Every structure is written in C-alpha cells, then in structure tokens.
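Colleague: A single structure is presented below for examination.
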Ligand SMILES: Nc1ncnc2c1ncn2[C@@H]1O[C@H](COP(=O)(O)OP(=O)(O)O)[C@@H](O)[C@H]1O
Ligand SMILES: [Mg+2]
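Written as structure tokens, this is what we have:
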C-alpha cells in the first residue's frame, strides 16, 4: 500500500552551516492492514520519516508510492492524497478556534466530501465510539490531554482514511491518560486499519504491531515481528536501546 | 465679557465657526477610516506574501516584492508620499479625500503587513500542519484556522496603528484638504489668535483618541474572555 524507495531527507541549516542528514536512505514496504511500529532513540529521524509519508516534509531524494501512485512525483496533488492518510500528532493540534464538532467536520465539509449533516452524523457516531459525544459543543481548551488526543484521532477518522500515521501520540500525556488513547488505537487496529505508529510504548508495540522497526541515525537498523525484535534483538545498538527502555 | 470669553467666541462661535471644526473632523475621520480599510485589506495581502517561501526555504517573488514595498514605504516620509500621490500619480483626479485615503492606506498597509505577519507567526505551527494533514489546502487552512486565531493577536497593534493613522492625517493640509488641523489653522489666521483654535483642536483630537482607546480596551477584554485557548 505504501512503498518507500531510497528515501533521503536533509535539512538545510542556513547558508553558513552544513545541512543535517536526517534520513539516509530508507527502503520499506507497508501492506494494507499492517500495523508498523517504529521505535528508536530521540533524534533518530522517526518523526521525519513519518512526516515524509504524507509529504509534510518533502524528501530530498527517493520515491514514495501510495496505492501504486508515486506521490513524490512532481505535479501530484498532494492535498488529495492527504485526504486518504490520517495523521495524529504528539501535541494533538486540535483547532483551538473551533469547537469539537467543527474540528471534526471542517475538512470533510470544506473539501466537499460530505454535506454538513452527513459530516455531523459521522462525527457523532465516532464521538460515541470514544465516549466523548457529550463534548461535541465544547472547545479544545476545556478537554484533558487524553480527551484531546481521542478527538484528534476521531478528526482524522472523519476523513475515512486508508492509513493512519501516529507520531508519539501518548508522549505528551499524563501517565493516567495513556491507556485511554492506546485503547482507541487498539480498537482501530482490530477494525483492520493500516497504521504506522512511532511510540515509546513497548507494550503496545508488542501487542498490536505486525512489524516493529528500529531506527537509529536516519536508517532502519532492524526490522522484525515484535517477538523477534524484542526477544531476539540482533544489532548491538538495538540491544543497547532496549536495555535502556525496557 | 472677559478677554478669554471673547477669544473663545471668536475661535468657536462667531460666524458658526464650530461647524468648520466639525467638517474638519469629518474629513479627518473619513480619510482615517477609508485609509484603515484599505490598509487592513492590502496589508493582510502583503503580510501573507511576506510569509511565502519556496520549497527550498528561499523567498518567493511575491515575498521579495512585498518586502521591497514595505522597505520603500518605511524609508520615505509620508508627507512626500502624499505629495507624490496628489501631484504625480493622481494629478488629474481632484477628489482630494479619495487620493489622501489611498495614499494613507498604501502607507498604513506597510505597517499593517508587519502586524499581520507577526500575528500569523504567533499561531502554533501545529495548527497549519494539522490542517494540511487533513487535506486542506494552505489557503483554506489559513482562512479557517490560522487567520481567525491571528486576528486576536492583531487587534491591539491594529488599534494602535489606527490611532497613529488618525493623527498622521493632519498633514493633508499640504494638499489643500481642510481637515481638523487645517480648519483650526485657517481660523487662527483669520482671527489673528492662535491659542484657542490650536489648543481647542488638540483637545478634540485627544478626546477622540481617548474614546477610541477605551473602546479598544473593551474589545480586547471581550476577545480575551471569549478566548477558548
Ligand atoms: N525542520 C527541521 N530543521 C532542521 N533540522 C530538523 C528539522 N526537523 C528535524 N530536524 C532534525 O532532524 C533530526 C531528526 O529529527 P526527528 O525526525 O524529529 O527525530 P525523532 O522523531 O526520531 O526524535 C534531529 O536531529 C532534528 O534536530
Ligand atoms: Mg519525534
């Protein structure tokens, strides 16, 4: 479903400093229905990799194919592609000037995908599934972190995406709220959603992941099933990383 | 009647002179309001242009043009800009209020563009990313998400800019428009008595601006109360 070939990303650091090489050649294939979990130390390029998949970051080199179409080709309407890929951010990024219902319905309505009534109906059905129907009319500022992130997930789901990208969705949460967000993600996984999840929640990776990738210094160092990767890590860097986080 | 009363009467009452101040104030406010409308619209466009960068991080042509425009406006006296508009650009157009409004509007737009740019930059970048990740275009995200939030940041400095603009219009006497300041000046030269008309006019400006400042304070408080962030 997503195919990444030779992905390279450099960040320009202004005229007088050398560019930073963040992704140094990544090749990967993601099939429909897979749940890919990405782990690795901070600064290893996990977020950048994820953000390249929906072109929030423009790759410096390499190709990304989505459903057979090269989305890195010039002239591709990226907005149209992004309607099919949801993204959930570490800091939620709910629209602070809109109430929850408007947060959920803005994109489908303004993009002409649904009428206002249809969008509201879909939003209510999804809110009900995350037990937040009573929050439809409030503004994001009155919600807890866990509630915000569940709403952010629902906002993406309102677009009926084919794949969901998660960038450390629980890292900004108080510990007692991590569970409620992970539960929503687990249910989504059970429903068959294709997911790419950057996380430090190793329990989630083991339970939900079909594959776990270990990234370090801009490369995929090791890729395996959760059992293989956690119980039988090969690369010394991975062994070292796991000994610190587990 | 004492001397002071006589001077007051000569400055404000004789021959219905108070009407001249009112008419002058009307011209002053008219130019300021029209210029502010033009300034906000054009300034918003300029401010957005100044935030436009290419994929590789370099400025777009739009950005370069807007930046150059702001540089030119800031680098020349507004009196001179007014004279150029009046005697060169619109030399054949004799609607003075319109020409002055355009001139001040184009001037104000440069300052408004900085306010708009700052207001937009103060909005969390995550808001734009969230909009784009849902498939909304940059323009749509700007319109529905970024600008409404930026507007709240912009109200206080825009209010200040309007007050500056209002006072700045006092230079329209240079192109023979009778605004409040020129009306006072004319009356002073007719009555050979400067004190009353000039001080009186200063009081009028002060009162108008004081009222505006108070209204602005109320607006800011309302916005803060309705602030859902
Ligand atoms: N916009 C940017 N400009 C410059 N450097 C960046 C930018 N975004 C990320 N980086 C750098 O790229 C590296 C990888 O970042 P990131 O992908 O966020 O890592 P991770 O998500 O694994 O912690 C870091 O060294 C970071 O400083
Ligand atoms: Mg990250």
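Chains as they are written, first to last, in our numbering: chain A, 1 to 246; chain B, 1001 to 1229. The beta carbon of each residue, even a glycine, is placed where N, CA and C say it ideally should be. Just so we're clear, the structure is a prediction, and the values are computed from it rather than from any experiment.
1. By the DSSP assignment, the beta strand (DSSP E) with residue 3 (chain A) in it spans what residues?
2. Would you say the beta carbon of residue 46 (chain A) comes nearer than 7 Å to a heavy atom of ligand 2?
3. Which class does residue 1141 (chain B) belong to by DSSP, given the choice of helix, strand or coil?
4. Do you know how far the Cα of residue 82 (chain A) is from the Cα of residue 111 (chain A)?
5. Note the first and the last residue of the continuous alpha helix (DSSP H) segment covering residue 1042 (chain B).
6. Mind checking if residue 174 (chain A) is an interface residue toward chain B, Cβ cutoff 8 Å exclusive?
7. Give the single residue among B:1160, B:1119, B:1018 whose Cα lies nearest to the Cα of residue 1211 (chain B).
8. Give the residues from the stretch 1129–1142 of chain B that approach chain A closer than 8 Å (Cβ to any Cβ), ordered along the chain.
9. Spatial neighbours of residue 103 (chain A) within its chain, please: C-beta separation below 8 Å, excluding the five flanking residues on both sides.
10. Can you tell me whether residue 147 (chain A) is buried or exposed? The criterion is at least 16 other CB atoms within 10 Å of its CB, across all chains shown.
11. Since residue 1097 (chain B) and residue 1040 (chain B) should fall inside the 8 Å C-beta cutoff, what is the C-beta to C-beta distance between them, to a whole number of angstroms?
12. Measure from the C-beta of residue 107 (chain A) to each C-beta in chain B and report whether the shortest distance is under 8 Å.
13. If you count every other CB in all the chains shown that lies within 10 Å of the CB of residue 1086 (chain B), and 16 or more means buried, which is it?
14. Who are the Cβ neighbours of residue 1057 (chain B) in its own chain at under 6 Å, not counting the five residues just before and after it?
15. Check the Cβ-Cβ distances between residue 195 (chain A) and every residue of chain B, and say whether any is below 8 Å.
16. Determine the contact status of residue 1165 (chain B) and residue 1108 (chain B), defining contact as a CB-CB distance below 8 Å.
17. If we call anything under 8 Å between Cβ atoms a contact, is residue 159 (chain A) one with residue 193 (chain A)?
18. Mind checking who residue 1183 (chain B) pairs with in its DSSP beta bridge?
19. Would DSSP call residue 28 (chain A) helix, strand or coil?
20. Using a Cβ cut-off of 7 Å, which residues of the stretch 95–127 of chain A contact any Cβ in chain B, in chain order?
21. Going along chain B in order, which residues have a C-beta closer than 8 Å to the C-beta of residue 83 (chain A)?
22. Can you list, in chain order, the residues of its chain with a C-beta nearer than 7 Å to that of residue 45 (chain A)? Leave out the 5 residues immediately preceding and following it.
23. Looking only at its chain, what residues have a beta carbon closer than 6 Å to the beta carbon of residue 1042 (chain B), apart from the 5 residues adjacent to it on each side?
24. For the stretch 1167–1177 of chain B and the stretch 1017–1029 of chain B, state whether three or more C-beta atom pairs, one from each stretch, are separated by less than 8 Å.
25. What residues in the stretch 1145–1159 of chain B bring their beta carbon closer than 7 Å to a beta carbon of chain A?
26. So what's residue 71 (chain A) in DSSP terms, helix, strand or just coil?
27. Ligand 1 and residue 1125 (chain B): does any heavy atom of the ligand fall closer than 7 Å to the residue's C-beta?
28. Would you kindly report the start and end of the unbroken alpha helix (DSSP H) that includes residue 85 (chain A)?
29. Who are residue 65 (chain A)'s beta bridge partners in DSSP?
30. Compare the C-beta of residue 67 (chain A) with all C-beta atoms of chain B and state if any pair is closer than 8 Å.
31. Please return the same chain residues whose Cβ sits closer than 8 Å to the Cβ of residue 1132 (chain B), not counting the five positions on each side in sequence.
32. Looking at residue 42 (chain A) and ligand 1, is the gap between the Cβ and the nearest heavy atom below 7 Å?
Modeller: Checking against the coordinates, here is how it stands:
1. For the purposes of this step, residue 3 (chain A) is identified with residue 3 of the first chain, where counting begins at 1. Per DSSP, residue 3 (chain A) belongs to the beta strand (DSSP E) from 2–11.
2. To locate residue 46 (chain A), count along the first chain from 1; it is residue 46. Because some heavy atom of ligand 2 lies under 7 Å away, the Cβ of residue 46 (chain A) counts as near it: yes.
3. Along the second chain, read from residue 1 onward, the residue named residue 1141 (chain B) stands at position 141. Three-state result, residue 1141 (chain B): helix.
4. For the purposes of this step, residue 111 (chain A) is identified with residue 111 of the first chain, where counting begins at 1. For the purposes of this step, residue 82 (chain A) is identified with residue 82 of the first chain, where counting begins at 1. Cα to Cα, residue 111 (chain A) sits roughly 12 Å from residue 82 (chain A).
5. Numbered from 1 along the second chain, position 42 holds the residue referred to as residue 1042 (chain B). Here the alpha helix (DSSP H) through residue 1042 (chain B) covers 1018–1049.
6. Walking along the first chain from the start, residue 174 (chain A) turns up at place 174. Chain B contact via Cβ: absent.
7. Sequence index remark: in the second chain, residue 1211 (chain B) carries index 211 (1-based). Ranking the options by Cα distance to residue 1211 (chain B), first place goes to B:1160.
8. 1129, 1130, 1131, 1132, 1133, 1134, 1135, 1136, 1137, 1140
9. Locating residue 103 (chain A) in the first chain gives position 103, where the first residue counts as 1. Excluding positions up to five away in sequence, the list reads 94, 95, 140, 151, 155.
10. One-based indexing of the first chain puts residue 147 (chain A) at position 147. Under this definition residue 147 (chain A) is a buried residue.
11. Residue 1097 (chain B) sits at position 97 when you count from the first residue of the second chain. Residue 1040 (chain B) sits at position 40 when you count from the first residue of the second chain. That pair is no contact at about 18 Å.
12. Taking the first chain and counting its residues from 1, the one referred to as residue 107 (chain A) is at position 107. Cβ-Cβ to chain B under 8 Å: yes for residue 107 (chain A).
13. Counted from its first residue, the second chain places residue 1086 (chain B) at position 86. So residue 1086 (chain B) ends up on the buried side.
14. To locate residue 1057 (chain B), count along the second chain from 1; it is residue 57. Counting only Cβ-Cβ distances below 6 Å, and skipping sequence neighbours, we find nothing.
15. One-based indexing of the first chain puts residue 195 (chain A) at position 195. Taking Cβ atoms only, chain B never reaches closer than 8 Å to residue 195 (chain A), which makes this a no.
16. The residue you call residue 1165 (chain B) lines up with position 165 of the second chain. The residue you call residue 1108 (chain B) lines up with position 108 of the second chain. Contact: yes.
17. By 1-based counting over the first chain, the position of residue 159 (chain A) is 159. By 1-based counting over the first chain, the position of residue 193 (chain A) is 193. Cβ distance not < 8 Å, so residue 159 (chain A) and residue 193 (chain A) don't count as in contact.
18. Position 183 of the second chain holds residue 1183 (chain B). Bridge partners of residue 1183 (chain B): none, in fact.
19. By one-based count along the first chain, residue 28 (chain A) stands at place 28. It is a strand residue.
20. 95, 96, 97, 106, 107, 110, 111
21. Looking up residue 83 (chain A) in the first chain gives position 83. In chain order: 1134, 1135.
22. Within the first chain, the letter at position 45 stands for residue 45 (chain A). So the list reads 22, 23, 215, 218, once near-sequence residues are dropped.
23. As a first step, residue 1042 (chain B) must be located in the second chain, where it is residue number 42. Around residue 1042 (chain B): 1109.
24. yes
25. 1145, 1148, 1149
26. Numbered from its first residue, the first chain carries residue 71 (chain A) at position 71. Three-state result, residue 71 (chain A): coil.
27. Taking the first residue of the second chain as 1, we reach residue 1125 (chain B) at position 125. For ligand 1, not one heavy atom lies less than 7 Å from the Cβ of residue 1125 (chain B).
28. The residue labelled residue 85 (chain A) in the question sits at position 85 within the first chain. Note, residue 85 (chain A): premise wrong, no alpha helix (DSSP H); beta strand (DSSP E) at 85–88.
29. Residue numbering aside, residue 65 (chain A) sits at position 65 when the first chain is read from its first letter. Answer by DSSP bridge pairing, in chain order: A:3, A:70.
30. Translated into positions along the first chain, residue 67 (chain A) becomes position 67. With 8 Å as the cut-off, residue 67 (chain A) does not count as an interface residue toward chain B.
31. As a working mapping, residue 1132 (chain B) is identified with position 132 in the second chain. Result list for residue 1132 (chain B): 1138, 1141, in chain order.
32. Here the question's residue 42 (chain A) lines up with position 42 in the first chain. Residue 42 (chain A): yes, Cβ under 7 Å from ligand 1.
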